[in-house]
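Going letter by letter, the sequence shown gives residues -16 to 576 in the working numbering.
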Amino acid sequence: MEVQIKSREDRELEDWVAADCHGLNFFDIDSSLQDLLKIYLPDDLREHMIPVFRNLGDVAGNRLDELARICETHLPVLHARDARGRNRDWIEYHPAFREMEKIAYGDFGIHCMSRKEGVHGWPTKVPPMAKYVFQYLFTQSEFGLMCPVSLTDTSSMLLERYGPEIAKEKFLTRMRSQDMEELYRGAQFMTEKIGGSEVANLAVTARQENGEWRLYGDKWFCSSTDAEVCLVLARPEGAPKGNSGLAIFAVPRDLENGERNNYRIVRLKDKMGTKSMASGEIIFNGALGYAFGDVGAKPNPGLKQMMDQVSMSRLSHGVRAAGMMRRCLNEALVAAKTRDVFGEAIINKPLLRRQLLKLMVPTEQVLSMVMHVASVLHKAEGGDQDAKRLNRILTPLVKFRACRDNVTVATGALEIRGGNGFIEDWVNSRLVRDAHTGLLWEGTSNINALDITTRAVAKTGAHEDLAEDLKKKLEQADGLPGQFVGELSGLVDRAKKFAEEIAASGNETKARQASNALYHATTATLLATEGAALGKAGGDARRMLLSRLVVDTKLRPTDPLSNGDGQFEIEAGNYLLGDSPVTLDAAADLLRK
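Encoded structure:
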């Protein structure tokens, strides 16, 4: 990423303050994304979408970035009554938030592009690989709003897949509209006071009254609180305790006669992050709902149905982490190139260069991972059974590791900016706050690690499919040094075996360690094979060097009390922190050292 830097002689006093990324086109400066589009998107889709990606990159780096800053200090406000004193609660938003909504829903249709044909002139539904590029670019400026956008996307998916015809007729078309006057936003409400993970004990109850389902009880954490259509997980009266008794109900905010449905928003949460987006507490007092399927005082399919949404949301969180990490890395690079200390830019300082690499490696890992998972999801949605098994383990893997790395990268980028990073005039503090959200939503790190080891590995055996897929990629790669291919293949085998041992032993304390091993073996393989493919085509092979750094820092044993020569890291850093492409031969030669 090239940055315009004034000479020391031409600088005014304010020019000595390190620059930021505002005003840049977030697509144009992202050579990694542009390279991976050549691998993961079909030629016709890529060429069609690049102008749209570039447009969003410009919006994200300029107007959207400005709006997000405004919304960070102008928060949603809950009003319990309307002007006439009626108990008709409503949430007031700053005009900047409404403008951000228009960009996401109206201008770019991120919520509906993979649910209906024709968005951005693409003749069919936009495949996941392209949709998630839009989420990735948008989130680099605004994380909070991407939650309602993703919720609307997945809500309409669930409604189409499992919902009753009456609810589809009432809501589905408007949930996929890009007309802001017609749009119905979607949400899913699961969490209650007992917590978000132990859904087996949910207490919100659904009763049949005069042939209609009515919901009663409290939901504790409801994001996109005032969405027009809420999918609520509740237990029909008389249904079994535990997961098997739960059912989904589509609950409209407003009834056909114009009256509000029978529920109240009683409080908005004062959150650490995602401040622009309203999350609140809701009390249902006989709210009308439309049941998903033939539900009642018997086992119901609600949780199984809702897990489709959870899986999609976990992938979206991985994508959002990827976008935020890219923004953090770019902020760190711009700051390092434009901040002088002791006579030179700090990017020339050896220790700072090492810190930049520590931000770059996980940022590139997660970009490879989300593009790969999106391509696997596309095949799975087309009925590929092998892809479905792969997706079962890849999705919690990317949610688990990406959201953890996001916190580290955001904090590291703030430190590189120095004291200014701690000041709210700059984006860094917001990135740090928002990064922590991903650790919590759609399952904490522990929940996702246990999902990987106790379910995806122990019950599905998806780690076998993952290892087979990775080894096939290595066998087909052209241009990678044979010794490095052998090492990667061996690491894939070891990660698979370790995860299998942990799953079989029931030793939950090692679940995160096993999940880390699978993630790093997967991303090291992806980076290596991507770099080789790009280099073979005459492009930039730098991802091969990133693969080696993953192996060195995450998968090889190291002695913390050993000096070591660190020569590979220094030489690789010279390539990776520069703007010139790395040839296949240069990358391969360095890997052989």
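All residues carry an ideal CB built from backbone N, CA and C; glycine is no exception.
| Check | Outcome |
| --- | --- |
| Unbroken beta strand (DSSP E) run spanning residue 530, endpoints | Run containing residue 530: none in the beta strand (DSSP E); it sits in the alpha helix (DSSP H), 526 to 533. |
| Whole runs of the alpha helix (DSSP H) within the region 442 to 520, excluding any shorter than 4 residues | 445 to 459, 465 to 488, 494 to 519 |
| Per DSSP, cross-strand counterpart(s) of residue 75 | 60 |
| Opening and closing residue of the alpha helix (DSSP H) in which residue 38 lies | 26 to 44 |
| Nearest candidate by alpha-carbon position, reference residue 236, set 285, 272, 202 | 272 |
| Residue 262, enclosing alpha helix (DSSP H) - first and last residue | Careful: residue 262 lies outside any alpha helix (DSSP H), inside the beta strand (DSSP E) at 262 to 274. |
| Neighbourhood of residue 122 by C-beta distance below 7 Å, restricted to the same chain and skipping five residues each side | 129, 303, 306, 307 |
| The region 142 to 152 contacting the region 60 to 73, beta-carbon criterion three pairs below 8 Å | no |
| Assigned secondary structure, residue 564 (DSSP; H/G/I helix, E/B strand, else coil) | coil |
| Run of the beta strand (DSSP E) containing residue 204, from where it starts to where it stops | 195 to 206 |
| Residue of 524, 209, 317 minimising C-alpha distance to residue 75 | 209 |
| For residue 535, the nearest candidate out of 520, 517, 500, 569 (CA to CA) | 500 |
| Neighbour-count burial assignment, residue 290, 16 or more Cβ in a 10 Å radius | exposed |
| Same chain only: Cβ atoms within 7 Å of residue 341, ignoring 5 sequence neighbours per side | 395 |
| Extent of the continuous alpha helix (DSSP H) run through residue 368 | 368 to 400 |
| Check whether residue 230 and residue 217 have beta carbons under 8 Å apart | yes |
| Extent of the continuous beta strand (DSSP E) run through residue 117 | Note, residue 117: premise wrong, no beta strand (DSSP E); alpha helix (DSSP H) at 111 to 122. |
| Contact belief for residue 515 with residue 565 at Cβ below 8 Å, rounded distance in angstroms | With 8 Å as the limit, residue 515 and residue 565 do not qualify as a contact, their Cβ atoms being about 12 Å apart. |
| Check: residue 170 C-beta below 7 Å from any heavy atom of the ligand ZN | The model on display carries no ligand, and the ligand ZN is accordingly not part of it. |
| Segment contact flag, the region 163 to 180 with the region 458 to 471, C-beta cutoff 8 Å, min 3 pairs | no |
| Candidates 513, 368, 250: closest to residue 350 by CA position | 513 |
| Cβ-Cβ distance between residue 96 and residue 103 below 8 Å | yes |
| Bridge partners - residue 171, DSSP secondary structure assignment | 214 |
| At least three beta-carbon pairs within less than 8 Å, the region 422 to 441 to the region 322 to 337 | no |
| Local Cβ density within 10 Å of residue 62, reported as buried at 16 or more and exposed below that | exposed |
| Beta-carbon separation (whole angstroms), residue 353 vs residue 381, contact threshold 8 Å | 6 Å |
| Sheet register partners of residue 422 (DSSP bridge) | Partner(s): none; residue 422 has no beta bridge. |
| Close Cβ partners of residue 416 (< 6 Å) along its chain, the five nearest in sequence each way excluded | 255, 256 |
| Between the CA atoms of residue 437 and residue 51 - distance to the nearest angstrom | 40 Å |
| Three-state class that DSSP yields for residue -3 in the structure shown | helix |
| Stretch pair the region 188 to 195 + the region 242 to 255: three plus CB contacts closer than 8 Å | no |
| Residue 155 beta carbon less than 8 Å from that of residue 141 | no |
| Contacts around residue 421, its chain only, beta-carbon distance under 6 Å, and the 5 residues preceding and following it disregarded | 300, 304, 386, 389 |
| Ranges of the alpha helix (DSSP H) found wholly within the region 280 to 326, counting only runs of at least 4 | 285 to 321 |
| Expected contact under 8 Å - CB spacing of residue 475 and residue 453 to nearest Å | 5 Å |
| Endpoints, beta strand (DSSP E) assigned at residue 235 | 230 to 235 |
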